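Residue numbering for the sequence shown follows my numbering, starting at 772 and increasing by one per position. Inspection log for the structure reproduced underneath, given as structure tokens.
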Amino acid sequence: MKIGLVSLFVVPAVALVAGGWSLLANRPPQDVRLGQQLYQENCASCHGANLEGQANWKTPDENGILPAPPHDETGHTWHHGDRLLFEYIKLGGAAALKKAGIDNFNSGMPGFGDVLSDREIRQTLAYIKSNWPEKLQSLQEQSTKTEAESNG
Numbered sequence: 772m773k774i775g776l777v778s779l780f781v782v783p784a785v786a787l788v789a790g791g792w793s794l795l796a797n798r799p800p801q802d803v804r805l806g807q808q809l810y811q812e813n814c815a816s817c818h819g820a821n822l823e824g825q826a827n828w829k830t831p832d833e834n835g836i837l838p839a840p841p842h843d844e845t846g847h848t849w850h851h852g853d854r855l856l857f858e859y860i861k862l863g864g865a866a867a868l869k870k871a872g873i874d875n876f877n878s879g880m881p882g883f884g885d886v887l888s889d890r891e892i893r894q895t896l897a898y899i900k901s902n903w904p905e906k907l908q909s910l911q912e913q914s915t916k917t918e919a920e921s922n923g
């Protein structure tokens, strides 16, 4: 009986935690629609209504901060795994990068953890990712797997 309960609850929970970050890739259409609304309300003012980012996004301003990058296929968002993308939105760029061991990058991205729930962050990412070509979605999914393997 106890083994049955363990199998029923613990095994799926472990599988969810282990594979949770890659679950962002296969979100239901409703999450993508809600994510689009959340993106327009919280992200578009900096990253563009069409995910195009700010002009000259690769050139730091006078304070050494890069403009907001595009989230479409011309940007670099798809290069990163889901965990970093999630933490970047939740914690803000500086805190997320510091957590990842990167101290020498001056990010202007604020954290949205006090504005968006974890679910809303995942929905926003689902929308962003839904705009990438299939090949880039596959490459990003591989980055997520590599990230999960290296972080345990």
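Quick reminder that beta carbons are idealized off the backbone N, C-alpha and C, glycines included. Keep in mind it's a predicted model, so treat the numbers as computed, not measured.
Residue state for Pro800 is assigned as helix, using DSSP reduced to three classes.
Within its own chain, the residues whose Cβ lies closer than 6 Å to the Cβ of Asp802, once the five positions on either side in sequence are excluded, are Gln894, Ala897, listed in chain order. Along the length of the segment 869-909, whole alpha helix (DSSP H) runs at least 4 residues long occupy 889-901, reported in chain order.
In the structure shown, Glu812 adopts helical secondary structure according to DSSP, grouped into three states.
Annotation for Leu856: the continuous alpha helix (DSSP H) segment containing it runs 853-862. Here Glu823 is near Asp843, since their CB atoms are less than 8 Å apart.
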